[in-house]
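Worksheet: one structure, shown below.
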DNA sequence: ATCCTACAATGGACATTGTCTAAGTCAAGC
DNA sequence: GCTTGACTTAGACAATGTCCATTGTAGGAT
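Residue numbers (our numbering), protein chains in the order written: chain E, 2 to 139; chain U, 2 to 139.
As structure tokens, then:
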């Protein structure tokens with residue numbers, strides 16, 4: 002993720018302690034934090050960071066294409082730093098655990114013209130739902 | 002949708018004016034109303050219906066499997082009465098218009114075992130994103 | 001190194017969406 | 001036509017997210 006900071010700086014992003022902390026919190030694989038979780042972890046590193054700043058920064062990272070918004074449940078949006086490797090999500094219906102998955106095939110090609118209603122289709126999100134091993138054992 | 006009312010009555014659902022109105026509002030194809038929109042249309046037919054009742058009734062219809070919850074944007078949940086014909090959604094990124102679509106192929110079979118992480122996968126939601134003809138023309 | 005200034009952060013009010021509760025109301029069976 | 005338990009209501013509350021006026025500061029200019 003450290004290259005993220007470099008990329009952003011190269012795009013003229015003004016670097017602040019708050020932004021750095023938010024970017025650090027988002028580092029990793031299978032990371033899907035809500036804005037509030039990001040805020041909580043950011044506060045641990047930088048106690049005076051405000052909620053608004055976390056929301057603003059997350060929004061900017063999404064706009065810049067460095068982070069994806071995911072809403073697997075219908076509560077808070079989650080933020081996925083793995084934006085450069087297209088993937089979909091597998092969600093446990095019971096505990097909410099999320100894994101990144103890479104299906105074979107391309108769902109875009111599965112949508113015939115007759116089902117496009119004149120739309121220009123540019124993307125697709127796929128969410129698989131099921132039960133994770135831990136919840137299945139319990 | 003009138004058979005819906007019959008089905009529900011057969012399941013021991015107590016029939017009230019409020020529930021009837023909510024069911025009527027949800028009738029149709031390509032209907033994807035938010036709870037508030039349902040409430041607004043219900044009020045037009047039955048002015049004293051309360052917000053809580055609309056939420057309760059929608060929740061019950063979802064539990065009974067007669068209506069699906071859809072969250073295509075990250076704002077309010079939408080309610081799709083077309084629960085008995087499996088389908089996915091195509092959403093305009095600009096105006097939010099939603100169409101029901103029926104892709105060929107089954108995305109479930111596109112998820113290899115190696116990408117299931119031990120989960121028991123039971124379902125999948127697909128959301129196509131693009132631009133509708135109206136917005137493309139503007 | 002210091003100053004300037006535009007951009008960023010802050011905190012708190014506000015908005016939206018959804019849930020809960022206590023009290024009143026009514027559908028359906030007797 | 002009663003009774004009863006399920007349904008409805010209004011409004012308080014909760015969770016998530018947005019906005020705005022003020023204060024602070026990163027980074028270029030001097």
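The C-beta atom is built at its ideal place from N, Cα and C for all residues, glycine as well.
In the DSSP assignment, what residue or residues form a beta bridge with residue 56 of chain U? DSSP, once it has assigned bridges, lists no residue as partnering residue 56 of chain U.
Return the CA-CA distance between residue 50 of chain E and residue 27 of chain E, expressed in angstroms with no decimal places. Cα to Cα, residue 50 of chain E sits roughly 15 Å from residue 27 of chain E.
Proximal residues, the region 23-40 of chain E versus chain U, C-beta separation under 9 Å: Against chain U - using a Cβ distance shorter than 9 Å - the region 23-40 of chain E contributes no residues.
Using a Cβ-Cβ distance under 9 Å, would residue 87 of chain U count as near chain E? No - not a single Cβ of chain E is within 9 Å of the one on residue 87 of chain U.
With the cut-off set at 9 Å, would you say residue 9 of chain E and residue 65 of chain E are in Cβ contact? The answer is yes: Cβ separation under 9 Å.
State the Cα-Cα distance for the pair residue 4 of chain E and residue 11 of chain E, rounded to the nearest angstrom. Using only the alpha carbons, I get a separation of about 10 Å.
Residue 112 of chain E: CB within 8 Å of a non-hydrogen atom of the ligand GTP: In the structure shown, the ligand GTP is absent, as is every other ligand, since no ligand is present at all.
Buried/exposed call for residue 7 of chain U, threshold 16 Cβ in 10 Å: Per the 10 Å Cβ criterion, exposed.
Contact residues within the region 48-82 of chain U, judged by C-beta distance below 8 Å to chain E: So the list reads 70, 72, 75, 78, given in the order they occur along the chain.
Can you confirm whether the region 128-136 of chain E touches the region 106-124 of chain U when touching is taken to mean that 3 or more C-beta pairs between the two stretches lie within less than 8 Å? Cβ pair count under 8 Å is three or more, so yes.
Measure the alpha-carbon distance for residue 1 of chain U versus residue 82 of chain U and round it to whole angstroms. This structure cannot settle anything about residue 1 of chain U, because the visible part of chain U is limited to 2 through 139.
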